[in-house]
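So the sequence shown is residues 933 to 1144, counted in this note's numbering.
In what follows, a single structure is set out as structure tokens and then discussed.
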Amino acid sequence: MKSSRLVIINIIVILLIVAGGAAAAYYYNQSVNYITTDNAKVDGQLVAVAAPAPGELTSWTGKVGRAYSSGQTIGTVRTDKGVVNITMPAAGTIVQQSAVVHSVAGAGMTLARAFDLDNLWVTANIKETKINDVKLDQTVDIHVDAFPGTVLSGKVSQIGLATAGTFSLLPTTNTTGNYTKVTQVIPINITVDGYRGLGLVPGMSVRIRIYK
């Protein structure tokens, strides 16, 4: 009886050692061959549609979800000197708007925001301790949280020239004037080779894996 129990215990110990070794090998392989982060999101060029002059918003044809071409008129403002057209500064799909017809708009007031949904990319923040391993044109696996089970492919297209915190409003020094040392992250851009039918929108959370 004692002998059989000893055999079972030995088998369990061996299985645990094998499992631990396999896990260690897996994580070693991941650290050597890939750079991974979930500090990433779908991104794009924001297009702000603004009133070109102060006056009454006399018309507005913009609709959320509709795509417009660059230079297309989507509204008018009546000023002291006449009627001024509001046009799209670049091609894009309106994703948010606050325009109200017959309201007063100030010069430069944002009336709508749009993105070119056919030209999105991924912005990922890479720890400064790993940025030396990131090179242009490296292959990237892209996992979008909203679409589990589907992997998109891409390539590193741009590596940031400053840390993400460089332009932060929060200071990195304390009351004594000493720099608070924390690991910084550097943003990189990743082009997406194709959406594979997924409805990507800016802001979606992403996990990436860069092949070294």
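Where is the CB? At the ideal position from N, CA and C, for every residue including glycine.
Beta-bridge partners of residue i, as assigned by DSSP
{"i": "I1140", "result": "T969, I1074"}
{"i": "A1037", "result": "G987"}
{"i": "K1059", "result": "V1117"}
{"i": "D1044", "result": "Contrary to the premise, residue 1044 reads as Ala rather than Asp in this sequence. Per DSSP, V981, Q1029."}
{"i": "V1133", "result": "Partner(s): none; V1133 has no beta bridge."}
{"i": "I946", "result": "BP columns for I946 are empty, so no partner."}
{"i": "D1125", "result": "Paired residue(s): none; D1125 is not in a bridge."}
{"i": "V974", "result": "V1054"}
{"i": "A999", "result": "T1025"}
Beta-carbon gap between residue i and residue j smaller than 9 Å
{"i": "T1123", "j": "G1092", "result": "no"}
{"i": "V1033", "j": "T990", "result": "yes"}
{"i": "P1080", "j": "A1039", "result": "no"}
{"i": "R1128", "j": "D1073", "result": "no"}
{"i": "D1077", "j": "R1139", "result": "yes"}
{"i": "G994", "j": "I1006", "result": "yes"}
{"i": "T1042", "j": "V996", "result": "no"}
{"i": "V1088", "j": "Q1116", "result": "no"}
{"i": "D1065", "j": "I949", "result": "no"}
{"i": "V1133", "j": "L1052", "result": "yes"}
{"i": "S1002", "j": "P986", "result": "no"}
{"i": "K1144", "j": "N965", "result": "yes"}
Residue range of the beta strand (DSSP E) that includes residue i
{"i": "Q1029", "result": "1024–1029"}
{"i": "K916", "result": "Since the displayed the chain opens at 933 and closes at 1144, residue 916 lies outside it and no answer follows."}
{"i": "V1009", "result": "1005–1011"}
{"i": "N1017", "result": "1014–1019"}
Classification of residue i by the beta-carbon crowding that lies within 10 angstroms, buried from 16 upward
{"i": "Y1000", "result": "buried"}
{"i": "T1098", "result": "exposed"}
{"i": "V1083", "result": "exposed"}
{"i": "I1118", "result": "buried"}
{"i": "I944", "result": "exposed"}
{"i": "L978", "result": "exposed"}
{"i": "T1008", "result": "buried"}
{"i": "I1120", "result": "buried"}
{"i": "G1126", "result": "exposed"}
{"i": "I1026", "result": "buried"}
{"i": "G976", "result": "buried"}
Pairing CB atoms from the stretch 972–979 with CB atoms from the stretch 1051–1067, are three or more of them under 8 Å?
-> By the Cβ criterion, the stretch 972–979 is in contact with the stretch 1051–1067, since at least three pairs of Cβ atoms, one from each stretch, lie closer than 8 Å.
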